[in-house]
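Chains as they are written, first to last, in our numbering: chain A, 19 to 144; chain B, 457 to 759; chain C, 694 to 826. All C-beta atoms in this analysis are idealised placements derived from N, C-alpha and C, irrespective of residue type, glycine included. See below for the structure under consideration.
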Amino acid sequence: MQVPILKQRDYLIASIQSALTDADLLRLRDDLVEQVGRYRSRGVIVDVTVLDVMDSFAVRTLSSLAHMIKLRGAETVIVGIQPDVAFAMVQLGLTLSSVATALDLEEGLVYLDSRAKPGTGTKRGR
Amino acid sequence: MARGGDQDREQRRASNQPTADLLSELVAHLRENRTQLREEWVRRITESRLLTAMTKDEIFAEATSVFDNYVEVLETGSVEALQAYARNLSERIIPRGVETHEVVGIVLLLRDVLARSLFKKYQADFGLLNRVLDAYEPAANRIANTVAVGFVQERERIIRQQQEAIRELSTPVLQVRERLLILPIIGIVDSQRARQLTEQLLRGIRANRAKVVVMDITGVPSVDSTVANHLVQTVEASRLLGATVIVTGLSPEIAQTLVTIGVDLTKMNTVGDLQGGIEEAERLLGYKVLSMGDGPSQVDRVE
Amino acid sequence: MDAELRVPIAADADIVTARQEGRRLASHLDFSPSDLTVISAAISELARNIVEYAGSGEVHVRLVEKGGRRGVAITAADNGPGIADISLAMQDGYSTSGSLGLGLPGAKRLMDEFEIHTAVGKGTRVVMRKWAR
Chain A
19 MQVPILKQRD
29 YLIASIQSAL
39 TDADLLRLRD
49 DLVEQVGRYR
59 SRGVIVDVTV
69 LDVMDSFAVR
79 TLSSLAHMIK
89 LRGAETVIVG
99 IQPDVAFAMV
109 QLGLTLSSVA
119 TALDLEEGLV
129 YLDSRAKPGT
139 GTKRGR
Chain B
457 MARGGDQDRE
467 QRRASNQPTA
477 DLLSELVAHL
487 RENRTQLREE
497 WVRRITESRL
507 LTAMTKDEIF
517 AEATSVFDNY
527 VEVLETGSVE
537 ALQAYARNLS
547 ERIIPRGVET
557 HEVVGIVLLL
567 RDVLARSLFK
577 KYQADFGLLN
587 RVLDAYEPAA
597 NRIANTVAVG
607 FVQERERIIR
617 QQQEAIRELS
627 TPVLQVRERL
637 LILPIIGIVD
647 SQRARQLTEQ
657 LLRGIRANRA
667 KVVVMDITGV
677 PSVDSTVANH
687 LVQTVEASRL
697 LGATVIVTGL
707 SPEIAQTLVT
717 IGVDLTKMNT
727 VGDLQGGIEE
737 AERLLGYKVL
747 SMGDGPSQVD
757 RVE
Chain C
694 MDAELRVPIA
704 ADADIVTARQ
714 EGRRLASHLD
724 FSPSDLTVIS
734 AAISELARNI
744 VEYAGSGEVH
754 VRLVEKGGRR
764 GVAITAADNG
774 PGIADISLAM
784 QDGYSTSGSL
794 GLGLPGAKRL
804 MDEFEIHTAV
814 GKGTRVVMRK
824 WAR
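Listed below in C-alpha cells is the structure:
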C-alpha cells in the first residue's frame with residue numbers, strides 16, 4: 019500500500035490512509051527522502067491520524083526518516099497522533115524525542131512556516 | 457409378607473444405584489414438584505424479610521429462573537450457565553440495593569426447601585435417603601458458592617467502575633483561553649488517577665486544540681516514583697499532540713522525587729505558581745499583557 | 694463470539710493482521726482505548742520478532758478468566774534459533790538499530806504477566822497477560 023505524497027508549496031505532505039506494514043513504512047521513508055531531494059522541499063509533514071497504534075518499528079522508522087530528511091536540509095513534523103496512541107507510546111517508552119510533532123495538518127504547516135522563515139512574525143514556536 | 461419382600465427388593469435396588477442415577481431421579485422429582493417447591497421457597501423468602509427491595513412479582517420471576525437453573529446444575533453438573541445467570545442477575549439487582557446477605561440467604565433457603573422435600577420423599581428408607589443426600593449436598597453447596605461468589609465479584613466490578621467515575625469528575629480540564637488549558641490537580645494522586653488524568657488531558661488537548669497546558673500540582677501533597685513517572689509521561693504524551701506542558705506548584709519534595717527517578721528538571725518547563733504559569737503560557741502563545749495606568753490590565757493578542 | 698484466535702506469522706503483513714485481530718478480540722473486554730493500543734503494540738512487537746529472528750511462527754490470543762477478573766493472554770511461539778542471552782534482550786534501550794526485543798522491555802512493563810521460554814536451538818515462546826480493569 020503506497021502512501022500518497024502531495025506537494026504543497028515548498029512542503030511535502032504524506033497522508034497515511036490505512037494500516038501500514040513494515041515494508042510500506044520503509045517505502046514511505048525512501049519515497050519522501052527521494053522526493054525531498056527532487057523537489058528541493060523545505061519541509062515534510064507525515065499525517066498519522068489514521069494509525070491506531072505506533073510500535074517501536076514505526077517510531078524507529080519515523081525517527082530515521084526525520085534524520086535522513088534533515089540531512090537533505092528539510093524539517094519533518096509528525097501530525098495527528100491520536101490521544102490513546104500517544105499515551106500508549108509514552109508508556110512503552112517510545113517518545114519520538116528527536117522528531118517534531120504537531121496536533122494536525124494545520125498546526126504542522128504553522129510549525130514548518132515558523133521554522134522555514136525565522137524572524138518573520140512574533141508568534142513563538144514551541 | 458409381600459410388602460416386606462418388596463421393601464427388600466427396593467433396598468437392594470437402591471443400594472446398587474450409582475450416584476448419577478440417584479441425581480437424575482431427584483432432578484425428576486424436583487421438576488415434577490416445581491410449582492409447589494417454588495411457592496414454598498418464595499413464602500420462606502418473604503417470611504425472612506429478604507429481597508425487600510423487590511416486588512412480589514419480581515421475586516417470583518427471579519425465583520423461577522433460579523429454581524430452573526438450580527435444577528439444571530444438578531442435572532448437568534456444569535455451573536457455566538449458572539455463572540452467566542448469576543452475573544446477569546447481579547447486574548440487575550445490585551443497583552436496586554440488594555445486598556450480599558440477601559442473595560446468599562435466598563440460595564440457602566432454596567437448598568433447604570429442596571432438601572426437606574427430599575427428606576419427605578425418602579423418609580421411609582434411611583439408607584436410601586443418606587445416599588440421596590450424598591448426591592445432593594455437594595451439588596447444592598457448589599451452587600450456593602457459585603451464586604454468592606458471582607454476586608460478590610459483580611459488586612466489586614461495579615465499585616471499581618464507580619471509583620473511576622468519581623476520579624474523572626474530580627479532575628476537570630479547564631479551557632481558559634484559546635489554545636490554553638489549565639489542569640489543577642488537587643489531592644492524593646494514585647496510579648489509577650494519574651492514568652485517568654492523562655487520558656482526560658490528552659483528549660482535552662485534541663478537542664480544544666490546545667498548544668499550552670498549565671498543570672498545577674500545588675494541591676498535591678506528595679507523589680511516589682510511580683506517579684512521578686506518570687506526570688513525566690503526561691508531559692511527553694502532550695508533546696506528541698503538539699502541546700507544551702508548564703508544571704506549576706512543584707513542591708521541593710516532589711521536585712526531589714522527580715530528580716530521584718532521573719528527570720532532568722532543567723528540561724521540564726516549570727514555574728513557581730499558577731499565576732506565573734498562566735503568564736508564561738500566554739507569552740508562549742504570543743499574547744502580550746498591556747496595563748493602562750492604575751486600571752485593570754488589558755490583554756491584547758499580538759499577531 | 695470466539696474466545697481465541699491464532700494467526701500464523703510468516704511475513705510482514707501478518708504482523709498487521711495479528712495486532713488488528715488481537716485488538717478486536719481484546720475489545721470485547723473492559724479495556725480502555727489506550728490499553729487496547731498497548732495490547733496491539735505488544736502483539737506487534739512479538740510478531741515482528743518472530744518474522745525477524747525465526748522466519749515463521751504463530752501468535753495465539755485468548756480471552757481468559759481468573760478470580761473473577763477477565764483478561765487477554767497473548768502467546769507468540771516460534772521454532773527459531775532461540776535467544777542466547779535473555780537479559781541482554783530485555784535490556785531497556787532506545788537504539789535505532791534493530792536489536793532484538795527493543796519493543797519487549799516496554800511491553801513487559803505494561804503487561805500484568807510476562808514469561809519468556811527460550812533456549813538456543815529450541816525456539817522461543819513468549820506469554821503475556823493483561824487484565825481488564
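Contact of residue 35(A) with chain C is not assigned, every C-beta pair being separated by 8 Å or more. The closest CA to that of residue 755(C), considering only 718(C), 812(C), 804(C), is found on 718(C). Going by DSSP, residue 821(C) is part of the beta strand (DSSP E) stretching over 816-824.
Distance from the Cα of residue 742(B) is smallest, within the candidate group 645(B), 614(B), 635(B), for 635(B).
Taking the CA atoms as reference points, residue 82(A) sits about 56 Å from residue 602(B). Here DSSP, grouped into helix, strand and coil, assigns residue 697(B) to coil.
When secondary structure is reduced to three states using DSSP, residue 517(B) falls in the helix class. Collapsing the DSSP output to three states places residue 724(C) in coil. About 11 Å separates the Cβ atoms of residue 733(C) and residue 708(C), ruling out a contact at the 8 Å cut-off. Residue 34(A) sits in coil when the DSSP states are folded into three classes, being neither helix nor strand. Counting other Cβ atoms within 10 Å of its Cβ, residue 510(B) reaches 16 or more and is therefore classed as buried. At a cut-off of 8 Å between C-beta atoms, residue 593(B) does not count as an interface residue with respect to chain C. Assigned with DSSP and collapsed to three states, residue 747(C) falls in coil, not helix or strand. If you draw a straight line from the Cα of residue 728(C) to the Cα of residue 800(C), it comes to about 11 Å. Neighbours of residue 41(A) in chain C, taken as residues at a C-beta separation under 7 Å, are given in chain order as 705. Not a single C-beta of chain B is nearer than 8 Å to the C-beta of residue 66(A). Boundaries of the beta strand (DSSP E) around residue 671(B): 668-675. Residue-level contact check: residue 48(A) does not touch chain C, since none of the beta carbons of chain C fall below 8 Å from its beta carbon. For residue 652(B), the CB contacts under 8 Å within the same chain, skipping 5 residues up- and downstream, are 620, 623, 624, 627 in chain order. An exposed status is given to residue 814(C), since fewer than 16 other beta-carbon atoms sit within 10 Å of its beta-carbon. Remark: C-beta atoms of residue 523(B) and residue 494(B) approach each other more closely than 8 Å. Per the Cβ contact rule, the region 663-672 of chain B is in contact with the region 693-708 of chain B (3 or more Cβ pairs under 8 Å).
For residue 547(B), there are no C-beta contacts with chain C under 9 Å, since the nearest C-beta of that chain is about 13 Å from it. When DSSP reads this structure, residue 755(C) sits in a beta bridge with 697(C), 766(C). Counting only Cβ-Cβ distances below 9 Å, residue 609(B) has contacts in chain C at 760, 761, 762, in chain order.
Near chain B, meaning a CB-to-CB distance below 7 Å, the residues of the region 97-130 of chain A are 99, 101, 104, 105, 107, 108, 109, 113, 114, 119, 120, 121, 125. A contact between stretches requires three or more CB pairs, one per stretch, nearer than 8 Å, and the region 674-691 of chain B meets this requirement with the region 639-646 of chain B. Within the region 575-663 of chain B, the complete beta strand (DSSP E) runs of at least 3 residues fall at 630-633, 636-642. One thing to note: residue 716(B) has its Cβ within 8 Å of the Cβ of residue 681(B). Within the region 685-708 of chain B, those residues whose Cβ lies closer than 7 Å to any Cβ of chain A are, in chain order, 689, 692, 693, 695, 696, 697, 698, 700. The beta carbons of residue 704(B) and residue 733(B) sit about 4 Å from each other, so the pair counts as a contact at 8 Å. Nearest C-alpha to residue 775(C) among 757(C), 744(C), 767(C): 744(C). Against chain B, the beta carbon of residue 733(C) has no neighbour under 9 Å; the closest one sits roughly 16 Å away. With contacts defined as CB atoms closer than 8 Å, residue 703(C) and residue 39(A) fail to qualify as a contacting pair. Annotated three-state conformation of residue 722(B) is coil, per DSSP. Contacts with chain C at 8 Å (Cβ-Cβ) do not include residue 495(B).
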